[in-house]
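*Asks:* Residue numbers (the numbering used here): 4 to 345. The structure's right below; bear with me while I get my questions together.
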């Protein structure tokens, strides 16, 4: 049977993925990726070791901390310094989980790598998971047909509840382990705390739409359009609604807030995408697709136009698209790919 290297994070999804493949007779080797030195990777590795021992499979540890710093952390910091809001999980998937891990596995004679992502790989197409709430295709848009030829998603056709039930049935020691939160491999550290530990930030002023000072914030680069937490406002809105960040001025270190998020100069009926990547062929010009502008955000109908250096999407209503975030296109349940919002 083919040899498969399974990325095992210590969580329940990747452990069940390894168990399912072993049950089908694959030659399974678990791999724990050490990517960032400040997170609690040692405890996560112990969880992965216990799961691997329970399944009777070997577990190797792959130190990719240098690659993670260069490919993910440094780019993340550059983007925030530009006033943009990146998706580091997407670069982590491309460079680490489906890049460096595959390079390592292939060098060891493996035919496939597998992960616990909630997505489906069907004949070279990337499909949304059976569990719409847990679907992770938004973070996988940089994968191509060539990548999918050696990638397995064993839990992609399952719901999270089914995965938990399978873990309990197998007696896995991490069957009740909580899902990880936050940036890939950084663990429970708050993103703003992480940024403040790596970038010099200063307290600034919060402005209303008339330019009046109404509060303070810990640093403009820490905020994205549409965000409504992390800053202090001394005045209440007319009907006690929450305030949303609608613009930010990096040079003045100010953010402007409003009770209505779409009153933003960032809200528009057109958005540009750069660094586009398509699983198979690019989307057809003029055809209507569905776009997702944030993880778990609603899918929005859009039309596609290609230009020399980027892709232009048009919407029937204004959308709030944060520069640096990913926009991912879908044709039904098929994830076509996406790009970075400019």
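Ideal placement from N, C-alpha and C gives every residue a C-beta, glycine not left out.
(1) Comparing alpha-carbon positions, which option in 86, 89, 93 and 154 lies nearest residue 116?
(2) Tell me the rounded alpha-carbon separation between residue 242 and residue 217.
(3) Between the stretch 195-208 and the stretch 46-62, do three or more beta carbon pairs fall short of 8 Å?
(4) Can you tell me the Cα-Cα spacing of residue 113 and residue 302, whole angstroms?
(5) Please state if the CB of residue 33 and the CB of residue 67 are separated by a distance shorter than 8 Å.
(6) Excluding the five sequence neighbours on either side, which residues of its own chain have a C-beta within less than 7 Å of the C-beta of residue 148, listed in chain order?
(7) Whose C-alpha, out of 228, 106 and 143, is nearest the C-alpha of residue 122?
(8) Under a Cβ-count criterion, where at least 16 other Cβ atoms within 10 Å of its own Cβ denotes burial, should residue 320 be classed as buried or exposed?
(9) Could you work out which residue in 84, 292 and 146 is closest to residue 101 when comparing CA atoms only?
(10) What's the C-alpha gap between residue 344 and residue 327?
(11) Would DSSP call residue 142 helix, strand or coil?
(12) Given a cut-off of 8 Å on the beta-carbon distance, is the pair residue 249 and residue 228 in contact?
(13) Specify whether the stretch 4-13 and the stretch 81-89 touch according to this definition: at least 3 beta carbon pairs, one from each stretch, less than 8 Å apart.
(14) By alpha-carbon positions, which one of 235, 164, 141 and 206 ends up nearest to residue 295?
(15) Give the single residue among 43, 160 and 77 whose Cα lies nearest to the Cα of residue 119.
(16) Assuming residue 166 contacts residue 7 under a Cβ cut-off of 8 Å, what Cβ separation, rounded to an integer in Å, is found between them?
(17) Could you tell me which residues DSSP puts in a beta bridge with residue 341?
(18) With DSSP collapsed to three states, give me the class of residue 204.
(19) The beta strand (DSSP E) that contains residue 17, what's its start and end?
(20) On the three-state DSSP scale, how would you describe residue 121?
(21) Between residue 37 and the rest of its own chain, which residues show a CB-CB distance below 8 Å, the 5 nearest in sequence each way excluded?
(22) Within 10 angstroms of its Cβ, does residue 338 collect 16 or more other Cβ (buried), or is it exposed?
(23) Answer with buried or exposed for residue 56, where buried requires no fewer than 16 other C-beta atoms within 10 angstroms of its C-beta.
(24) Which residues mark the beginning and the end of the beta strand (DSSP E) in which residue 293 is found?
(25) If I measure Cβ to Cβ from residue 264 and keep anything under 7 Å in the same chain, skipping five residues before and after, which residues do I get?
*Replies:* This is what the structure holds:
(1) Nearest C-alpha to residue 116: 154.
(2) In a straight line, the C-alpha of residue 242 is about 16 Å away from that of residue 217.
(3) no
(4) So the alpha carbons of these two residues sit roughly 37 Å apart.
(5) No, these two residues do not count as a Cβ contact at 8 Å.
(6) So the list reads 127, 282 and 283, once near-sequence residues are dropped.
(7) Distances from the CA of residue 122 to each of 228, 106 and 143 were compared; the closest alpha carbon is that of 143.
(8) exposed
(9) Of the listed residues, the one whose Cα sits closest to residue 101 is 146.
(10) For residue 344 and residue 327, the distance between alpha carbons rounds to 5 Å.
(11) Correct three-state label for residue 142: helix.
(12) yes
(13) No, the stretch 4-13 is not in contact with the stretch 81-89.
(14) 141
(15) 160
(16) Not confirmed; about 18 Å, so no contact.
(17) 280 and 331
(18) coil
(19) Run containing residue 17: none in the beta strand (DSSP E); it sits in the alpha helix (DSSP H), 15-26.
(20) coil
(21) 44, 48, 64, 65, 66, 67 and 68
(22) buried
(23) exposed
(24) 291-295
(25) 229, 247, 249 and 323
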